[in-house]
Every structure is written in C-alpha cells, then in structure tokens.
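All residue numbers for the sequence shown refer to my numbering, where the first residue is 4 and numbers rise by one.
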Amino acid sequence: MNRQLKILIADGNTRDRNDAMTAVGGELGAERYANEIRRMYPKAELTTIYPADSDHYLPKGTALGDYDGMVMGGSGLHAFDQAPEVTRQVDLMRSALEAGMLVLGSCWGLQVAAAATGGTVAKSPRGREVGIARKIALTAAGVGHALYADKPGVFDSPCIHYDEVTHLPAGSVILAHNAHSAVQAAVIRVGAGVFWGMQYHPEFDLPHLANLYRRYADDMLSQGYFIDRDALETYANALRALAQNPDRLDLRWQLGIDDDVLDADMRCREIRNWVESLT
Numbered sequence: 004m005n006r007q008l009k010i011l012i013a014d015g016n017t018r019d020r021n022d023a024m025t026a027v028g029g030e031l032g033a034e035r036y037a038n039e040i041r042r043m044y045p046k047a048e049l050t051t052i053y054p055a056d057s058d059h060y061l062p063k064g065t066a067l068g069d070y071d072g073m074v075m076g077g078s079g080l081h082a083f084d085q086a087p088e089v090t091r092q093v094d095l096m097r098s099a100l101e102a103g104m105l106v107l108g109s110c111w112g113l114q115v116a117a118a119a120t121g122g123t124v125a126k127s128p129r130g131r132e133v134g135i136a137r138k139i140a141l142t143a144a145g146v147g148h149a150l151y152a153d154k155p156g157v158f159d160s161p162c163i164h165y166d167e168v169t170h171l172p173a174g175s176v177i178l179a180h181n182a183h184s185a186v187q188a189a190v191i192r193v194g195a196g197v198f199w200g201m202q203y204h205p206e207f208d209l210p211h212l213a214n215l216y217r218r219y220a221d222d223m224l225s226q227g228y229f230i231d232r233d234a235l236e237t238y239a240n241a242l243r244a245l246a247q248n249p250d251r252l253d254l255r256w257q258l259g260i261d262d263d264v265l266d267a268d269m270r271c272r273e274i275r276n277w278v279e280s281l282t
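Written out as structure tokens, the structure is:
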C-alpha cells in the first residue's frame, strides 16, 4: 500500500446491544473489523461511527466522500424493520453507494445493502445459522472475482444470523452459497458505487464466537443448541483453548474447525482483498 487509506467502519448495533456484548467481555462488531484491518494494514486511518443511535453519526466537518471506503459489519437488528435504528443504516448504505463509494459488508451489511437497493431480506426458513458456516462454495462468478483471490473454492467461516437475502436487486451477482443460504456472498452495483458482501463473518475469531454464545446464551439454550449452561460454557472454553493453541488435534477434530477458520490471514482474505481494491 503506497498511501494511507481512510476507512469508515459503521457499527450496526444500538448502544444497548453493544453494552450487552461488552458485559460478557466481548468486542463490538466494529472493533472486530478494525482490529483485523489494523493487523493487516497498521497505517490505515479508521473511523468508527454508530448510525443506529443517531442521525448525526459522521464526525463533524466530514462527508462520505472524504473516505476511501466503508465497512458495515453485523447487527442483531432486522433489515426488514422500519424502526429508525434500521432505516438510518439503510439510508447510509444507499447514500454511500450513490456517492460512488466502495463498501464491504458482512451479514447485516449484506442485508442492509440488499434492502437499500431494491432487494429483499427475510427470516431464513432453515432457522439460525450460528457458529461456523459450513461448506461455503464459490460460484463460477465467485471463483473469478477479486473478493476471493487466493481463497479456496470451498471453505468454512464464522457466522451468526437469523435473516438472509432472499432476492437481490437487478444486476447483482451471487459469489458464494451453501446448504443454508443461497446468497452467502454477492456484488451489488449502484452507478459508480460497488458493494462486496458476505452473509458470514470473516472478521470473527474463535474468542469472539465464544463471547457471542455467552451474549445469546438464553436463545442458544431455548433453541436447543446446548442442553444447559454448563455445556455452553464447555464449548465456549474449547473455542478459546483452540484459539490459543491452533495445533491441538483433539479440539480441531471435536469442533470440526480447520485452517480456513484458524489461520487469520486465510479467514480474513476477503477483507484484505477489499482493502487492496481501494488502492
């Protein structure tokens, strides 16, 4: 990278949802993205905004055009709702794309981009996809797309979502899918604006997943993912242990987690490829 990039990171959650994540010792979604971008590009200038909470989310005296690109990560909200915390973010995404920005999104970000450009989002008929999204497969378009340069044709990735994109706007291209969701990645264009998005979360590491299980423990128990809280804690602790020692064959085998998730560079390849597209 020959110059310092200015990247806007939009956190998708409201303050109360972020406070709940902090209470279990977890990072915010925007922090996960910021930390991974800084790991790869320490000189990048990152600005985090919280559009769910206020109409006045950009730093005073700045405009979208001041940034090289924007990232929008996850959220516990629903893109089909008409609450202000949702519509503000849909409007932000639409404005960014109409301004010709290059935007990267995961999960909520993909859903917001679809909603902002004439697509539709609904609850997945297969229920929640949580933990590790399995066997994400690139389409023919995905194999040749810059988002997936140096990425395997089939891979696993961290995820957590109830909703999914059911219809993309005209002219969009599906880049990846799996058995759970037909749209695991897509490209959406609005004039000069280009959105690259994933339904999964390449920015999540295993400790973050462990904290998400604790954050949503009541849901995970009531929906049958764990028989009791002790089982949840045992699983979360195993994720942390594997993150600390990725060579543990026992935990790799028990958890079904391989290098596509454990190797940060491989897991975050999409993020790196997007940042490289800004230069």
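Think of the CB as a built atom: it goes at the ideal place given N, C-alpha and C, for glycine as much as any other residue.
The beta carbon of A82 lies closer than 6 Å to those of Q114, V115, A118 and V124 in the same chain, with the five residues before and after it left out. The beta carbon of P205 is closer than 7 Å to those of S109, S160, R270, C271, E273 and I274 in its chain, skipping five residues each way along the sequence. CA-CA distance, I191 to D221, rounds to 35 Å. Non-local C-beta neighbours of F229 in its own chain, meaning closer than 6 Å and more than five positions away in sequence, comprise M223 and L235, ordered along the chain.
Taking C-beta atoms under 8 Å as the contact rule, R251 and L245 qualify, at a distance of about 6 Å. With respect to the C-alpha of G72, the residue from S78, L95 and P87 having the closest C-alpha is L95. Per the coordinates, the alpha-carbon of A140 lies some 11 Å from the alpha-carbon of H183.
Between the region 136-154 and the region 186-200 there are three or more inter-stretch CB-CB distances shorter than 8 Å, so the stretches are counted as touching. Rounded to whole angstroms, K9 and V176 show a C-alpha spacing of 27 Å.
Using a 10 angstroms sphere on the CB of E88, the tally of other CB atoms reaches 16 or more, which defines it as buried. Taking a C-beta distance under 8 Å as the contact criterion, V168 and G122 qualify as a contact pair.
R217 and T237 have their C-alpha atoms some 11 Å from each other. Here M104 is not near A13, since their CB atoms are 8 Å or more apart.
Secondary structure of S184 (DSSP, three-state): coil.
The residue among A239, S225 and A144 with its C-alpha nearest the C-alpha of W199 is A144. Separation of N276 and G130 (C-alpha to C-alpha, rounded to the nearest whole angstrom) is 30 Å.
Separation of D84 and D253 (C-alpha to C-alpha, rounded to the nearest whole angstrom) is 43 Å.
Partner residues in the beta bridge of G108, as assigned by DSSP, are M75 and G200.
Taking C-beta atoms as the reference points, A55 and T17 count as a pair closer than 8 Å.
Between the C-alpha atoms of Y44 and A173 there is a straight-line separation of about 34 Å. Straight across, the Cα-Cα distance linking A23 with S78 is about 12 Å. Here the alpha carbons of T120 and R97 stand approximately 7 Å from one another. Bounds of the alpha helix (DSSP H) holding V89 are P87 to E101. For R192, the three-state secondary structure derived from DSSP is strand.
D69 has its alpha-carbon roughly 42 Å from the corresponding atom of N240. Our two residues, R91 and D58, have alpha carbons roughly 7 Å apart in a direct line.
By the neighbour-count criterion, in which a residue is buried when 16 or more other Cβ atoms sit within 10 angstroms of its Cβ, A179 is buried. Straight through space, the alpha carbons of Y36 and E279 are spaced by roughly 15 Å.
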